[in-house]
Every structure is written in C-alpha cells, then in structure tokens.
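**Student:**
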Amino acid sequence: MKKILGIVASNRRLGNCEILVKEIARRVSIPHELRLLRLPDFDLRYCTGCYRCLSSGSGCILDDDLAQVLEAVVGADALILAAPTYFLGAHSSLKIFLDRAISFYCMGDRLWGKPAVGVGVAGMEGKEGSTHLDIERFLAVILAENLQTRILYGALPGEVLLKEENRNAVAEMAAAISGDPSKKREGCCPICAGETFRFLEGSKARCMLCSHAGEVSLKNGRFTFSPEPIAHPILFGKQNALDHRDWLEGMKKLFRQKAKELRQVTAGYEDDGEWIMPEPRRPV
Ligand SMILES: Cc1cc2nc3c(=O)[nH]c(=O)nc-3n(C[C@H](O)[C@H](O)[C@H](O)COP(=O)(O)O)c2cc1C
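Mapping of the sequence shown onto the UniProt record's numbering: position 97 corresponds to residue 97, and the numbering continues sequentially without gaps.
1) Grouping DSSP H, G and I as helix and E and B as strand, with all else coil, what is HIS244?
2) Is the closest heavy atom of ligand 1 to the C-beta of VAL119 under 7 Å?
3) By the DSSP assignment, the alpha helix (DSSP H) with LEU70 in it spans what residues?
4) What residue range does the alpha helix (DSSP H) around LEU20 cover?
5) Okay, do the region 126-137 and the region 148-162 touch, 3+ Cβ pairs below 8 Å being the bar?
6) Is the beta carbon of ALA174 closer than 8 Å to that of VAL28?
7) Any heavy atom of ligand 1 closer than 7 Å to the Cβ of LEU88?
8) Does the beta carbon of MET173 fall short of 7 Å from some heavy atom of ligand 1?
9) When burial is assigned at 16 or more other CB atoms within 10 Å of the CB, is TYR153 buried or exposed?
10) At which residues does the beta strand (DSSP E) containing THR196 begin and terminate?
11) Measuring alpha carbon to alpha carbon, tell me which of ALA144, ILE96, ALA176 and CYS210 ends up nearest GLY113.
12) Can you have a look at TYR105 and say buried or exposed, based on whether 16 or more other CB atoms are within 10 angstroms of its CB?
13) Which residue or residues does DSSP assign as beta-bridge partners of VAL8?
14) Give the C-beta separation of VAL160 and VAL216 to the nearest angstrom, bearing in mind that I take them to be a contact with Cβ-Cβ under 8 Å.
15) If you count every other CB in all the chains shown that lies within 10 Å of the CB of ARG206, and 16 or more means buried, which is it?
16) Taking just the CA atoms, how far does CYS47 sit from ALA99?
17) Strictly by DSSP, which residues pair up with ILE151?
18) Given SER178, which residues of its chain have a CB within under 6 Å of its CB, disregarding the five upstream and five downstream residues?
19) Which of helix, strand or coil does DSSP assign to SER130?
20) Where does SER217 sit, in a helix, a strand or coil, going by DSSP?
21) Which of the three DSSP states is assigned to ALA231 in this structure?
22) Whose C-beta lies closer than 7 Å to the C-beta of CYS188 among residues of the same chain, with five residues either side of it excluded?
23) Tell me whether GLY154, by its Cβ, gets closer than 7 Å to a heavy atom of ligand 1.
24) Can you tell me the Cα-Cα spacing of ARG12 and ARG185, whole angstroms?
25) Indicate whether ILE234 and HIS212 have their beta-carbon atoms separated by less than 8 Å.
26) If you draw a straight line from the C-alpha of SER130 to the C-alpha of LEU94, how long is it?
27) Less than 8 Å separating the beta-carbons of ARG38 and LEU62?
28) Could you check what DSSP says for CYS189 in three-state terms: helix, strand or coil?
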C-alpha cells in the first residue's frame, strides 16, 4: 500500500486546493492511503539565518513544527501539493517552509526523490503570477521528482472542479502519480524542466528555477533554450545538493576566519537610524 501525502497550502477548508488534492488521490489507480497536511495549520517560524543547523546534526534549533512536517514528507511514497495564488504568487506557507531548507540537509537523503505532482490554483485566468514557479521550486528544494506541475483556474470553493478541462488535468496528474509516463514537456529548461525565464540582453534568457542562462531560439514555431554551464549549480540532483551543503560549510569557516575584518565593516553601521519595534499586544 503506497502512502500518498497531500500537502494543502491553503487555509480554506474544503477550498479548491483541498478538493483538488483529494480528487487527484481518488483517481490514483494504485492501492494507496492518503494522509493530509495543511501547511498553514503548522507553526513554522522564519529562518533566522544562523546556520547552526549545518553543524548541529539534528536540524533547526527553532522550537516549532518543522520536524513534524518534514517527518510527514519523509514518510510518504508520493506527494500531491496544492497551493492557491495569493497576490500573484503561491501562498506564503510554501516559502516559509522552504526558507528553512538549510536544515533539511541534516536529514540526509531521506527527504529526496519522492515522485510528486503540483497544482496551483488561481481565481482569474492568467493571473497566477509566479505560482507555477513557486510550486516547481518547492518540489526542487526537497529534490522531489516533479512529474507534473499545473495551474488550474477557479475562484469560488469547489469551482475548480466544475470545469471539464480541470477535471481532465486532474486525471492526468493522477495517472502520473499512478506511474504512467508523463508527456515530455517542450519549451522548458533542459536541465531542470523549469518553465519560467527572464529575458537578458540580446537573445539570452535565464531559467528562473535553476538559474542557468543561455540562448533562446525559435525553431519550428517553438522556443528552445540552450543553457550554458554555471559554476555553482544548486538543488538539481543529489550531488548538487551535497556540493551546496559543503559550500555552505566552507562559507561558515570563512566567516570565522574573517570575523574581525567583517566586524570592522559592520560595526560602523550599528547606531544609524531608530528601529521601530513591535508593541506588546493588549490582552483580548
Ligand atoms: C488574499 C487573496 C489573494 C488572491 N490573489 C489572487 C491573485 O493574485 N490571482 C488570482 O488569480 N487569484 C487570486 N486569489 C484567488 C485564489 O487564488 C482562488 O480563490 C483560489 O481558488 C483559492 O484556493 P483555495 O480555495 O484552495 O483557498 C486570491 C485570493 C485571496 C484570498
């Protein structure tokens, strides 16, 4: 029996994300059990950038629910992720989780390699902004095997399943999780399969998922992207991830060596400006 974990990045109970995760799971043809995790239900704090997780061996030092969320992902055989678009990007719970990802290295490769599908929901056609990229990035950071990422449109809770094209997309995502080979995507980055690019000078562009830059050309009415090698690729493949971890360790050592010199730069700024601090809350 396969264990599927549905990650819902929306607070809305029985909203479009929740029912999409459940509908995809219903249509998965292999025997499975569905566990669900609503990301915004969990107390996930901001990364403080202390880098202590790199050497602690036991993950992040913040006392919150991160370990519980990670264990749920580790325990799954496959993932279905759904996130709503909020102001032209995916719900912030995805990013808060991802910002803690330096501590994920402590898990070794237990987290990596899960087959996954991702679905972003937007209320207005074409107004998804960076949601597709945000979902791809989430799956890339945990080194999941991104079988398909889609954007579906629907505003009112449940509306997304009223449209036939969305129901067809759901069937295709379920088939991908069930083991059917996904159709090869065209017009995407050949390194990471990312679909979002930034135009650079001339005919160059940069893939916004893996950061490779290269020439874009139009062949037979289709865009082709030819990335050039880069010095420090991150997050794509296990070796990249391990190299990135080692690079971070190296930076930590460098920080210790240069601490005095760096302190001379930063100390001079200590007293500039007046900080606005949060006011204590009045009891309700
Ligand atoms: C605060 C907020 C911001 C939103 N911003 C966008 C947006 O930028 N673009 C868009 O197409 N839909 C936007 N929507 C609509 C939601 O993406 C849409 O209703 C989606 O179906 C919600 O999914 P859910 O039911 O799972 O929560 C927004 C909704 C909310 C509540």
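Note that CB positions come from ideal geometry on N, CA and C, so glycine has one too.
**Tutor:** Let me spell this out:
1) On the sequence shown, position 244 is the one that residue 244 refers to. HIS244 falls in the helix class under three-state DSSP.
2) Here residue 119 refers to the residue found at position 119 when the sequence shown is read from its first residue. It does not: the Cβ of VAL119 is nowhere closer than 7 Å to a heavy atom of ligand 1.
3) What you label residue 70 is simply residue 70 of the sequence shown in a count that begins at 1. Counting along the chain, the alpha helix (DSSP H) containing LEU70 begins and ends at 66-74.
4) One-based indexing of the sequence shown puts residue 20 at position 20. Note, LEU20: alpha helix (DSSP H), 16-27.
5) yes
6) Against the sequence shown, residue 28 aligns to sequence position 28. Against the sequence shown, residue 174 aligns to sequence position 174. Cβ atoms of VAL28 and ALA174: closer than 8 Å.
7) As a working note, residue 88 is residue 88 in the sequence shown. Because some heavy atom of ligand 1 lies under 7 Å away, the Cβ of LEU88 counts as near it: yes.
8) Residue 173 sits at position 173 when you count from the first residue of the sequence shown. Not so, every heavy atom of ligand 1 lies at least 7 Å from the Cβ.
9) Position 153 of the sequence shown holds residue 153. The residue is buried, with at least 16 neighbouring Cβ atoms inside 10 Å.
10) Residue 196 sits at position 196 when you count from the first residue of the sequence shown. Where THR196 is concerned, there is no enclosing beta strand (DSSP E), given that its DSSP letter is neither H nor E.
11) Along the sequence shown, read from residue 1 onward, the residue named residue 113 stands at position 113. Among ALA144, ILE96, ALA176 and CYS210, the Cα nearest to that of GLY113 belongs to ALA144.
12) Translated into the one-based positions of the sequence shown, residue 105 becomes position 105. Counting Cβ neighbours within 10 Å, TYR105 comes out buried, since at least 16 surround it.
13) Along the sequence shown, read from residue 1 onward, the residue named residue 8 stands at position 8. Paired residue(s): ARG38 and ALA82.
14) In the sequence shown, counting from the first residue as 1, residue 160 sits at position 160. In the sequence shown, counting from the first residue as 1, residue 216 sits at position 216. Actually they do not touch by this definition, with Cβ atoms about 32 Å apart.
15) Counted from its first residue, the sequence shown places residue 206 at position 206. Buried, by the Cβ-count rule.
16) On the sequence shown, residue 99 is found 99 positions in, with the first residue counted as 1. On the sequence shown, residue 47 is found 47 positions in, with the first residue counted as 1. According to the sequence provided, residue 99 is Asp. The question's Ala does not apply to it. ASP99 and CYS47: Cα-Cα distance of roughly 6 Å.
17) Indexing the sequence shown from 1 puts residue 151 at position 151. Partner(s): GLY120.
18) For the purposes of this step, residue 178 is identified with residue 178 of the sequence shown, where counting begins at 1. The residues are VAL28, SER29 and ILE30.
19) Reading the sequence shown from its first residue, position 130 is the one you call residue 130. In the structure shown, SER130 sits in coil (DSSP, three-state: anything other than H, G, I, E or B).
20) In the sequence shown, counting from the first residue as 1, residue 217 sits at position 217. Correct three-state label for SER217: strand.
21) To locate residue 231, count along the sequence shown from 1; it is residue 231. If DSSP states are grouped into helix, strand and coil, ALA231 belongs with coil.
22) One-based indexing of the sequence shown puts residue 188 at position 188. Closer than 7 Å at the Cβ level, and outside the excluded window around CYS188, lie GLY194 and GLU195.
23) Here residue 154 is taken as the residue at index 154 of the sequence shown, counted from 1. For ligand 1, at least one heavy atom lies less than 7 Å from the Cβ of GLY154.
24) Position 12 of the sequence shown, counted from the start, is the residue given in the question as residue 12. Position 185 of the sequence shown, counted from the start, is the residue given in the question as residue 185. Approximately 32 Å, taken between the alpha carbons.
25) Sequence index remark: in the sequence shown, residue 234 carries index 234 (1-based). Sequence index remark: in the sequence shown, residue 212 carries index 212 (1-based). No; because the gap between Cβ atoms is not below 8 Å, this pair is not in contact.
26) One-based indexing of the sequence shown puts residue 130 at position 130. One-based indexing of the sequence shown puts residue 94 at position 94. Near 12 Å, if we compare the C-alpha coordinates of LEU94 and SER130.
27) For this step, residue 38 is matched to residue 38 along the sequence shown. For this step, residue 62 is matched to residue 62 along the sequence shown. Not in contact: ARG38 and LEU62 (Cβ atoms no closer than 8 Å).
28) Within the sequence shown, numbered from 1, the residue matching residue 189 stands at position 189. Residue state, collapsed to three classes: coil.
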